[in-house]
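First the structure, in the form of structure tokens, and then the observations on it.
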Amino acid sequence: NESIELVSITEETEQQKFIPMSGNIYSLKFISPLRIERKEEDKEKGKRFFDPEYFDLQQVFKLLYKRFSDLYKLNFGSFPNPKIPANPSGEILEKCFVWVDMPKEFSTLGGIIGTIKFNVELDEFWQNLLWLGQMVHIGRNSAFGFGKYIIENIQNPLVITKPVTSFLDKLIEKDNLLNAFTHIKGNSDFAGTDGLSPEIFELWLDKNINEIIREVKTGNYKASVLQGVIIPKTESKIRSLAIPTVKDRILQRAAVQVMADSIDHLLEENSFAYRKGLSRAGAARAIQNAYNNGFNYVLESDIESFFDNVNWELLLKKINVLYGNDPIYNLLKQWIQSDVLYNGKLIKRSKGLPQGAVISPLLANFYLDEFDEALQDDFKLIRYADDFVILCKSKEQAEAALTEAKEALNKIKLEIKKSKTNIVSFDDGFQYLGYLFLKSMIIEKRKKKKLLTPDKEVVIKDEPVPKGSWLTLVDLGNLNDLKKVKKFKIKPLFDSEDKEILLEKFPLYISNHPYITIDSNTLELNYKEEGINKSNKYQLNNLSSVILIGYNKITLPAVFKLNESKIPVYFCRSNGELKLSIPFHSSNYELWMEQAALSKDESFILTFAKTVVEAKINNQKIIIRRAKADEYLSNLDRFIKKIKNAQTLETLRGLEGSAAVLFFNFLNKSLPGQWKFNSRTKHPPQDPVNTMLSFGYTILYHHISTALQVEGLNPQIGFYHKYSNRYFPLASDLQEEFRHIIDSLILYIIHRNMVTPAAFELNKNNTYPCLMTKDFKKKFIQLVEERLKTEFKPANLTQRFTYKQFFSFQAKLIKSSVRKREMLYKPLRIK
Numbered sequence: 010n011e012s013i014e015l016v017s018i019t020e021e022t023e024q025q026k027f028i029p030m031s032g033n034i035y036s037l038k039f040i041s042p043l044r045i046e047r048k049e050e051d052k053e054k055g056k057r058f059f060d061p062e063y064f065d066l067q068q069v070f071k072l073l074y075k076r077f078s079d080l081y082k083l084n085f086g087s088f089p090n091p092k093i094p095a096n097p098s099g100e101i102l103e104k105c106f107v108w109v110d111m112p113k114e115f116s117t118l119g120g121i122i123g124t125i126k127f128n129v130e131l132d133e134f135w136q137n138l139l140w141l142g143q144m145v146h147i148g149r150n151s152a153f154g155f156g157k158y159i160i161e162n163i164q165n166p167l168v169i170t171k172p173v174t175s176f177l178d179k180l181i182e183k184d185n186l187l188n189a190f191t192h193i194k195g196n197s198d199f200a201g202t203d204g205l206s207p208e209i210f211e212l213w214l215d216k217n218i219n220e221i222i223r224e225v226k227t228g229n230y231k232a233s234v235l236q237g238v239i240i241p242k243t244e245s246k247i248r249s250l251a252i253p254t255v256k257d258r259i260l261q262r263a264a265v266q267v268m269a270d271s272i273d274h275l276l277e278e279n280s281f282a283y284r285k286g287l288s289r290a291g292a293a294r295a296i297q298n299a300y301n302n303g304f305n306y307v308l309e310s311d312i313e314s315f316f317d318n319v320n321w322e323l324l325l326k327k328i329n330v331l332y333g334n335d336p337i338y339n340l341l342k343q344w345i346q347s348d349v350l351y352n353g354k355l356i357k358r359s360k361g362l363p364q365g366a367v368i369s370p371l372l373a374n375f376y377l378d379e380f381d382e383a384l385q386d387d388f389k390l391i392r393y394a395d396d397f398v399i400l401c402k403s404k405e406q407a408e409a410a411l412t413e414a415k416e417a418l419n420k421i422k423l424e425i426k427k428s429k430t431n432i433v434s435f436d437d438g439f440q441y442l443g444y445l446f447l448k449s450m451i452i453e454k455r456k457k458k459k460l461l462t463p464d465k466e467v468v469i470k471d472e473p474v475p476k477g478s479w480l481t482l483v484d485l486g487n488l489n490d491l492k493k494v495k496k497f498k499i500k501p502l503f504d505s506e507d508k509e510i511l512l513e514k515f516p517l518y519i520s521n522h523p524y525i526t527i528d529s530n531t532l533e534l535n536y537k538e539e540g541i542n543k544s545n546k547y548q549l550n551n552l553s554s555v556i557l558i559g560y561n562k563i564t565l566p567a568v569f570k571l572n573e574s575k576i577p578v579y580f581c582r583s584n585g586e587l588k589l590s591i592p593f594h595s596s597n598y599e600l601w602m603e604q605a606a607l608s609k610d611e612s613f614i615l616t617f618a619k620t621v622v623e624a625k626i627n628n629q630k631i632i633i634r635r636a637k638a639d640e641y642l643s644n645l646d647r648f649i650k651k652i653k654n655a656q657t658l659e660t661l662r663g664l665e666g667s668a669a670v671l672f673f674n675f676l677n678k679s680l681p682g683q684w685k686f687n688s689r690t691k692h693p694p695q696d697p698v699n700t701m702l703s704f705g706y707t708i709l710y711h712h713i714s715t716a717l718q719v720e721g722l723n724p725q726i727g728f729y730h731k732y733s734n735r736y737f738p739l740a741s742d743l744q745e746e747f748r749h750i751i752d753s754l755i756l757y758i759i760h761r762n763m764v765t766p767a768a769f770e771l772n773k774n775n776t777y778p779c780l781m782t783k784d785f786k787k788k789f790i791q792l793v794e795e796r797l798k799t800e801f802k803p804a805n806l807t808q809r810f811t812y813k814q815f816f817s818f819q820a821k822l823i824k825s826s827v828r829k830r831e832m833l834y835k836p837l838r839i840k
């Protein structure tokens, strides 16, 4: 090979000379994957090879003998000792292994690396074989370098060949450190125990980065003490952080940037937190896929004070397996074992990963990988940090999973959190990572953040401190500083708030024809599915509204209770078209009288209607412009100009209708052939696109109606739309500016093949010639609800909103307009 030039070669004569070993204690370190099959009687499903839990000394010595016998026969014809000696048996004193998968073409080869110490009596023959095995390796795939080990506790141990560039060398590359600073600056402006904030550090950035490089290279770097910070979560609960200095945060982030790939390669696919390309949404999809594959039961739980109780000895052994021969190991050890300074008191830590340290999430996943591997073969585990669910096909299997989860956690010195552990079915529904799972439906919930003001007093109740936390060493009775809480702009490194999230209320869609009753504060749905009686229950305080689609039976007491609980009820036809609404009027007669008076003010009505219609057409225009269908734009611009001169509502409605014809013509032309439609049809819709439009607009209408009622407005008193027994005019007024949400969503899902014509049932002779299938109806509701949680920043406002939040904001503007008798309302105009 012309690209390689032999410079010199040195024979390791001293190291290749056997020196008899004394004593019966041997310590082996496998530095490349050991791939040995278990004995036949020890093989199990998914457990064919040695793994971190299984190591058979006799099998190792048997294969070691066979390795030399085969090599000797290959070179010399016969082995000098043809009689196979008895395989030594001994006692394993301690071991620490990590399973590693190595890529090979289109598959992977796995094995264990790590250390093992054992007590065994070996004669000189077996000592020779064990010593020589360091050169020839052991187990399968030795041709690829597998099965290499060294004996650590002997005179003149073999020297491990190290890479030219270590992880530490890569860590302190200047570009890597500068990228790390950019990252930590965007996450936190808090100072550490040295008093330096990222802003101050940046004033001499180049000098400071060079100083970090110098300290690490010369071996003079020492991790600083962590700054203890207590942040109130609620009026009775607190959260403790341990924040490194800016210098340490830069180094830790730089370490993550060079180590993440090597650790991520080891992790199981069921681990979703703190990993590139994975997220809560991915975990939710994995749960939904499991449900579709017959996993109907869920063990939901998390780990008792995980970050505060990670065992240092075990963690460092695991780190030593991967990085023990790299100088980065010493930095990792310092960061893990740093003490905390709080209120002038130095608090000595003895376990745990600091919540607030940049390195902690990466090491947390690495530590829990053993737990993942223990459960992955027999169950479907989904883990997000220390919060996990195990999906099972029966309740009995879920109970077995609970036992195995406890055992797996016990092996890594952790405990399950009993108060958060429960076995449920998808039929009953459960919440995980801010999502509500119910049968095949997934609804994301948003927490309401209750911010404490700087002078808000925090009353510490019983047991607010996590077990094992450094806070257990603080006298909570003297936490006077909590009464004057400083606001820190620090982005949480751990998403632990997901566990005690205060969920936003959600609309309940009912379409499976149940019998609906209410017992106390619980709404119950009783129905039959495939001949089996089933029941679902929902707490009223979680519901914003109830939407009945199709023929459902609800008791009169249930309607009364919903009304008393301020939960509006909407009765819809099978196609989603609204038939009847029962609002929860709060009887704010003074506001209603003012609203009614303003609805008779012709000047206000015309001004209001103009702004609403102009915003609606503008939003249609933007959708068309994004699709680059410029031939429609000039006509829409002409309609918008005419709106400004319109003197009557009739003229305005004519312009709105003309723009709608133009828009739906564009929509039809922009769709593939199988989705074409002749015109906009409503009562009832005749084709799939019109069916989606009508149903989507109905969902918007329900949310807006509810938002208006929450503000105490009477939705039956509108300004632009006329009074009707069939719908709420005020909700229809506000709906116009938001129709683009549904229009763009339908374009999106069709062009991305997220729906096919098979999702609709067509029958021209039916009362409803086009209906969504049951499954797609659920999916479509979910898609709309997801879109309504999209955040955006309206023009002329600094705050970001989700569409749901903005519905409420607009309702407040209507209320202000009514109270002040002024046109304060500004419809949403997208750009």
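All letters in the sequence shown, in the order written, are residues 10 to 840 by our numbering.
All C-beta atoms, glycine included, are put in the ideal place defined by N, C-alpha and C.
Small disclaimer: the values here were computed from a predicted structure and weren't measured.
### Task
Helix, strand or coil for Thr715, going by three-state DSSP, please let me know.
In this structure, Thr715 counts as helix in the three-state DSSP scheme.
### Task
Apply the 10 Å Cβ neighbour rule to Thr254 and answer buried if 16 or more other Cβ atoms are within range, or exposed otherwise.
Buried, since its Cβ has 16 or more Cβ neighbours within 10 Å.
### Query
Run through DSSP, which three-state label would Leu167 get?
In this structure, DSSP gives Leu167 a state outside helix and strand, which the three-state scheme calls coil.
### Task
Using three-state DSSP, classify Gly142 as helix, strand or coil.
The answer is helix: DSSP assigns Gly142 an H, G or I state.
### Message
Just to confirm before moving on: does the CB-CB distance between His749 and Gln604 stay below 9 Å?
### Response
Cβ distance not < 9 Å, so His749 and Gln604 don't count as in contact.
#### Entry: Integer Cβ distance of Phe176 from Ile259, believed to fall under 8 Å
Contact flag wrong, Cβ pair sits at about 16 Å.
### Query
Can you tell me the Cα-Cα spacing of Val168 and Phe199, whole angstroms?
Val168 and Phe199 have their C-alpha atoms roughly 44 Å apart.
### Task
Determine the DSSP secondary structure at Glu819, reduced to helix, strand or coil.
The residue asked about is misnamed: residue 819 is Gln in this sequence, not Glu. Gln819 falls in the helix class under three-state DSSP.
### Query
Taking contact to mean at least 3 C-beta pairs separated by less than 8 Å, is the segment 685-694 in contact with the segment 640-647?
No, the segment 685-694 does not touch the segment 640-647.
### Task
Have a look at Asp178 and Lys821 and give me their C-alpha separation to the nearest angstrom.
Taking the Cα positions, Asp178 is about 58 Å away from Lys821.
### Query
Between the beta-carbon of Leu658 and the beta-carbon of Ile631, is there less than 9 Å?
No, they are not a contact pair.
### Query
Do Leu797 and Thr811 come within 9 Å of each other at the CB atom, strictly closer than that value?
Cβ distance < 9 Å, so Thr811 and Leu797 count as in contact.
### Query
How do the segment 544-558 and the segment 574-584 stand: do at least 3 beta-carbon pairs fall below 8 Å, yes or no?
The answer is yes - the segment 574-584 touches the segment 544-558, with three or more Cβ pairs under 8 Å.
### Query
What span of residues does the alpha helix (DSSP H) with Ser667 cover, start to end?
That run of the alpha helix (DSSP H) goes 658-678.
### Task
Whole angstroms is fine: what's the gap from Trp479's alpha carbon to Ser359's?
Each residue's Cα considered, the two are about 9 Å apart.
### Task
Determine the DSSP secondary structure at Asp437, reduced to helix, strand or coil.
Judged by DSSP in its simplified three-state form, Asp437 adopts coil rather than helix or strand.
### Task
In the DSSP assignment, find the unbroken alpha helix (DSSP H) run with Val69 in it and report its ends.
Taken as a continuous stretch (DSSP letters only), the alpha helix (DSSP H) holding Val69 covers 66-85.
### Task
Answer yes if the segment 656-674 comes into contact with the segment 756-764, meaning at least three C-beta pairs across the two stretches below 8 Å, and no otherwise.
By the Cβ criterion, the segment 756-764 is not in contact with the segment 656-674, since fewer than three pairs of Cβ atoms, one from each stretch, lie closer than 8 Å.
### Query
How about Gly237 and Leu362: are their beta carbons less than 9 Å apart?
Not a contact, by the Cβ cut-off of 9 Å.
#### Entry: Beta-carbon proximity of Lys404 to Ser434, cut-off 9 Å
Yes; because the gap between Cβ atoms is below 9 Å, this pair is in contact.
### Task
Name the two residues that bound the continuous alpha helix (DSSP H) containing Asp646.
Here the alpha helix (DSSP H) through Asp646 covers 642-654.
### Task
Please report how far the alpha carbon of Ser753 lies from the alpha carbon of Trp344, in whole angstroms.
Those two C-alpha atoms are separated by around 49 Å.
### Task
Find the nearest neighbour of Lys171 within the set Gln143, Leu589, Gly333, judged by alpha-carbon distance.
With distances taken between Cα atoms, Lys171 lies closest to Gly333.
### Query
Taking the C-alpha atoms as reference points, what is the distance between Pro693 and Tyr777?
One C-alpha to the other measures close to 6 Å.
### Query
Between which two residues does the beta strand (DSSP E) containing Arg392 stretch?
Per DSSP, the continuous beta strand (DSSP E) segment holding Arg392 begins and ends at 389-393.
### Query
Rounded to the nearest angstrom, how far is the Cβ of Gly156 from that of Leu43, given a contact under 8 Å?
5 Å between Cβ atoms; contact.
### Task
Whole angstroms is fine: what's the gap from Arg634's alpha carbon to Ile626's?
Taking the straight line joining both Cα atoms gives about 12 Å.
### Per DSSP, cross-strand counterpart(s) of Asn542
For Asn542, which the question treats as bridged, DSSP gives the partners Lys537.
### Task
With DSSP as the reference, label Arg258 as helix, strand or coil.
DSSP, reduced to helix, strand and coil, places Arg258 within a helical segment of the structure shown.
### Inside the segment 687-744 only - alpha helix (DSSP H) runs reaching at least 4 residues
Secondary structure in the segment 687-744: the alpha helix (DSSP H) runs of 4 residues or longer, each lying completely within the stretch, are 697-719, 738-744 in chain order.
### Message
In whole angstroms, give me the CA-to-CA distance for Ile221 and Asp335.
### Response
Ile221 and Asp335: Cα-Cα distance of roughly 19 Å.
### Query
Skipping 5 residues on each side, what residues in its chain have a beta carbon closer than 7 Å to that of Asp60?
In its chain, beyond the 5 residues on either side, Trp108, Ile121 have a beta carbon closer than 7 Å to the beta carbon of Asp60.
### Task
For Phe816, count neighbouring Cβ atoms within 10 angstroms of its own Cβ and tell me buried if that reaches 16, exposed if not.
In this structure Phe816 is buried. Its beta-carbon is surrounded by 16 or more other beta-carbon atoms within 10 angstroms.
### Query
Under three-state DSSP, which class holds Asp348?
It is coil, neither helix nor strand.
### Task
Locate the alpha helix (DSSP H) running through Leu780, then write down its first and last residues.
It is not in any alpha helix (DSSP H) - Leu780 instead sits in the beta strand (DSSP E) that spans 779-781.
### Where Glu413 sits in the DSSP three-state scheme
Three-state result, Glu413: helix.
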